[in-house]
Amino acid sequence: MEESIRNISLPMTKEVACGLKLGEMVTVSGLLFTGRSRFHIRAIENDLYPPIDYEKINCFFHVGPVMRQEADGEWKVVSCEPTSSIRFERYGADVVRKFHLHTLIGKTTMGPATAQALKEVGGVYLSKIGLSGNALKGQVKKVHEVHFLEELGKTECTWIYEVDHFGPFFVAMDAYGNNYFEDLAKEAQSRMPEIEKSLGIPPGYDYTEVNA
Amino acid sequence: MIRRETITEAMYNAIRLGATKMPPDIRKALQKALSEETDPMAVKHLEVSLRNADLSEKGNGLVCADTGFPMYFIHAGAAAQVEGGFGVLKSCAEEATARATEECFLRPTMVHPVTRKNPGNNVGPGMPKVEIFFDREGDGLEILAAPKGGGSEIFGTFYRMMFPADGEAGIKKFVIECIKDACYAGKVCPPAIIGVGIGGTADLCMSMAKKAALLRPVGVHHSDPEAARLEKELYEACRKLGIGPMGSRGINAVLAVNVDVAVTHTAALPVAVNAQCMVGRRWIARIDGKGNIDYTGEMR
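Each protein sequence line maps, in turn, to chains G and R.
Per this note's numbering, the first sequence starts with residue 1072, numbered consecutively.
Per this note's numbering, the second sequence starts with residue 95, numbered consecutively.
See below:
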């Protein structure tokens, strides 16, 4: 089944990003960099970020991998499960604009501000499919560099991975400001009155209010 | 007399096995969920997750890279004797956790909440969490290790102090809304196991919710008929949300809704929700009075 999934070379071009559809499954091949909360906060609040060529290494993978250093000094990935990107929404749009990112990979989704930034630069957000950290680690062909390891530790620091047919992921945010989960959330919300009725919750029910 | 090093060994292996194996009741429940889902994305989420657990079971990684909060729940027999006294259980847990982290079975995830400094071994004030119940016969110890992922804890924790007039309708509305929000975009990694605490003090209420989510096999209902009725009604309601695995379109937002209750103040109606993610990691070490250890994923 994986064979039929489209593979995209990194760095992803704006043209390729603009051609991706919500819900489409893809894999990616090439170089990417990792980071989590500390990357976002430091890049925006302190203008402090790894000195890498963001035009070439343009895919931001939201992850805190489990890493092991072998006897020869080489770093190996034990497991790398994408982390919840929605946590970074406060800084997401600024980071996308600052590094002109065309590809974000993570778990869950991001909010409207990041969607707007992705629309401006022509970028997409790819979300993980299931729990896949063990398959993903096998697709990391080489760990090229690590930045801020001492300061931030193995989980929050930035690793540079070379990946091959990495994924699959699905397009959760396209390059036009649309979010895969928006319609789903609306559908769930629209079912609530019926569900509440089935649970015996009276129409218009509200909790007791004790504040002014 | 159970020796200190036996306890440390049992804790280390239990948390290591917890991080690398999927409990049998969880696997069975996920397979049932897979048989029910029809949306291609929902199916794919479950297939990938089950395959991922297979890979880690074969010694190739972890069930999930976020090994999260290290927690140990210990049931002690009434006649159990521990070398150095029960006070050593905390330091045994610290040693076991640090070793499992050093060997990359746990990710170094615990940091200071304000400075964000990472000691690198998952040990610090309050962690690992150790809770002891003196509720068993015999002279053994049963240690359940649960590495609990961040997604379920961070996005799946809710508390509301309601009032008697808010009634059962308030309880149900709160729980179903929490579940809908927690499952949005797959935040808590659905299908989740939802623990609900009703009554007690605020801390007891949340503690009941957490234990209901973590310490009960999937499919077992509460012995209190009122709690069991709420569990069944809420479970059926969750299946109508249209939310499936990892927030996709589907049926299985939850694998179970587990309720626990405690008496509370006559003026109060506290309700807490705590979610466990789809992989429901926990593994058990049973130590008998002679110091023999058995490991199992089957709960009693």
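C-beta atoms are modelled at their ideal positions from N, C-alpha and C, and glycine is treated no differently.
Given that residue 139/R touches chain G, what residues does it touch there, using C-beta distances under 8 Å? Your numbering for residue 139/R matches position 45 in the second sequence. Within chain G, the residues near residue 139/R are 1200, 1201.
Would you say residue 334/R lies against chain G (beta-carbon separation less than 8 Å)? Residue mapping note: residue 334/R aligns to position 240 of the second sequence, counting from 1. Chain G places a beta carbon closer than 8 Å to that of residue 334/R, counting this residue as a contact.
Residue nearest to residue 1152/G in terms of C-alpha spacing, selected from 176/R, 190/R, 165/R, 159/R: Position 81 of the first sequence holds residue 1152/G. Of the candidates 176/R, 190/R, 165/R, 159/R, the one whose C-alpha sits nearest the C-alpha of residue 1152/G is 159/R.
Among 1218/G, 1283/G, 1279/G, 1183/G, nearest to residue 1122/G - alpha-carbon criterion: Mapped onto the first sequence, residue 1122/G falls at position 51. Ranking the options by Cα distance to residue 1122/G, first place goes to 1218/G.
With DSSP run on the structure shown, which of helix, strand or coil describes residue 370/R? As a first step, residue 370/R is located in the second sequence; it is residue number 276 there, counting from the start. Note: residue 370/R maps to strand in three-state DSSP.
Between residue 217/R and residue 1265/G, what straight-line distance do the alpha-carbon atoms span, to the nearest angstrom? Here residue 217/R corresponds to residue number 123 of the second sequence, with the count starting at 1. Here residue 1265/G corresponds to residue number 194 of the first sequence, with the count starting at 1. Taking the straight line from one Cα to the other gives about 47 Å.
Any beta-carbon of chain R closer than 8 Å to the one on residue 1195/G? In the first sequence, the residue the question calls residue 1195/G occupies position 124. With 8 Å as the cut-off, residue 1195/G does not count as an interface residue toward chain R.
Inspect the CB distances between the segment 1217 to 1233 of chain G and the segment 1160 to 1171 of chain G and report whether three or more fall short of 8 Å. no
Name the residue from 126/R, 142/R, 151/R whose alpha carbon lies nearest to the alpha carbon of residue 111/R. The residue labelled residue 111/R in the question sits at position 17 within the second sequence. When each option's Cα is compared against that of residue 111/R, the closest is 151/R.
Does residue 1280/G come out as helix, strand or coil in the three-state DSSP assignment? Here the question's residue 1280/G lines up with position 209 in the first sequence. Residue 1280/G: coil per DSSP, three-state reduction.
How is the beta strand (DSSP E) around residue 1078/G delimited, first residue to last? Start at 1 with the first residue of the first sequence, and residue 1078/G comes out as number 7. Element bounds for residue 1078/G: 1077 to 1080.
From the DSSP output, in three-state form, read off residue 1224/G for me. As a position in the first sequence, residue 1224/G is number 153, starting the count at 1. In the structure shown, the three-state DSSP call for residue 1224/G is helix.
Just checking my contact of residue 169/R with residue 227/R at CB under 8 Å: how many whole Å lie between their CB atoms? Locating residue 169/R in the second sequence gives position 75, where the first residue counts as 1. Locating residue 227/R in the second sequence gives position 133, where the first residue counts as 1. At roughly 5 Å, the Cβ-Cβ gap stays under 8 Å, so residue 169/R and residue 227/R are in contact.
Pick from 391/R, 148/R, 162/R, 245/R: whose alpha carbon is nearest that of residue 286/R? As a working note, residue 286/R is residue 192 in the second sequence. Checked all of 391/R, 148/R, 162/R, 245/R; the closest Cα to residue 286/R is 245/R.
Pick out whichever of 1206/G, 1077/G, 1208/G, 1232/G has its Cα sitting closest to the Cα of residue 1216/G. For the purposes of this step, residue 1216/G is taken as the residue at position 145 of the first sequence. Comparing Cα positions, the closest option is 1232/G.
Just to confirm, is the Cβ distance from residue 195/R to residue 212/R under 8 Å? Locating residue 195/R in the second sequence gives position 101, counting from the first residue. Locating residue 212/R in the second sequence gives position 118, counting from the first residue. It is not a contact, given that the beta carbons lie outside the stated cut-off.
Report yes if the CB atom of residue 100/R is closer than 8 Å to the CB atom of residue 162/R, and no otherwise. The sequence position of residue 100/R within the second sequence is 6, counting from 1. The sequence position of residue 162/R within the second sequence is 68, counting from 1. No, the pair does not count as a contact, with Cβ atoms beyond the cut-off.
Contact set between residue 250/R and chain G, taken where Cβ atoms lie within less than 9 Å: As a working note, residue 250/R is residue 156 in the second sequence. The premise fails here: residue 250/R is roughly 11 Å from chain G at the closest Cβ pair, so nothing lies under 9 Å.
Looking at the C-beta of residue 142/R, does it have a partner C-beta in chain G at a distance below 8 Å? Here residue 142/R corresponds to residue number 48 of the second sequence, with the count starting at 1. Output row for residue 142/R: interface = yes.
Are the segment 345 to 360 of chain R and the segment 311 to 329 of chain R in contact at 8 Å, needing three or more beta carbon pairs? yes
Strictly below 8 Å CB to CB, what residues from chain G border residue 290/R? Position 196 of the second sequence, counting from 1, holds the residue named residue 290/R. Neighbours of residue 290/R on chain G: none; closest Cβ ~13 Å, over 8 Å.
Where DSSP assigns a beta bridge to residue 352/R, which residues make up the other side? Working through the second sequence from its first residue, we reach residue 352/R at position 258. The partner list for residue 352/R (beta bridge, DSSP) reads 289/R.
If you measure beta-carbon to beta-carbon, which residues of the segment 152 to 167 of chain R are closer than 7 Å to chain G? 154, 155, 156, 158, 159, 160
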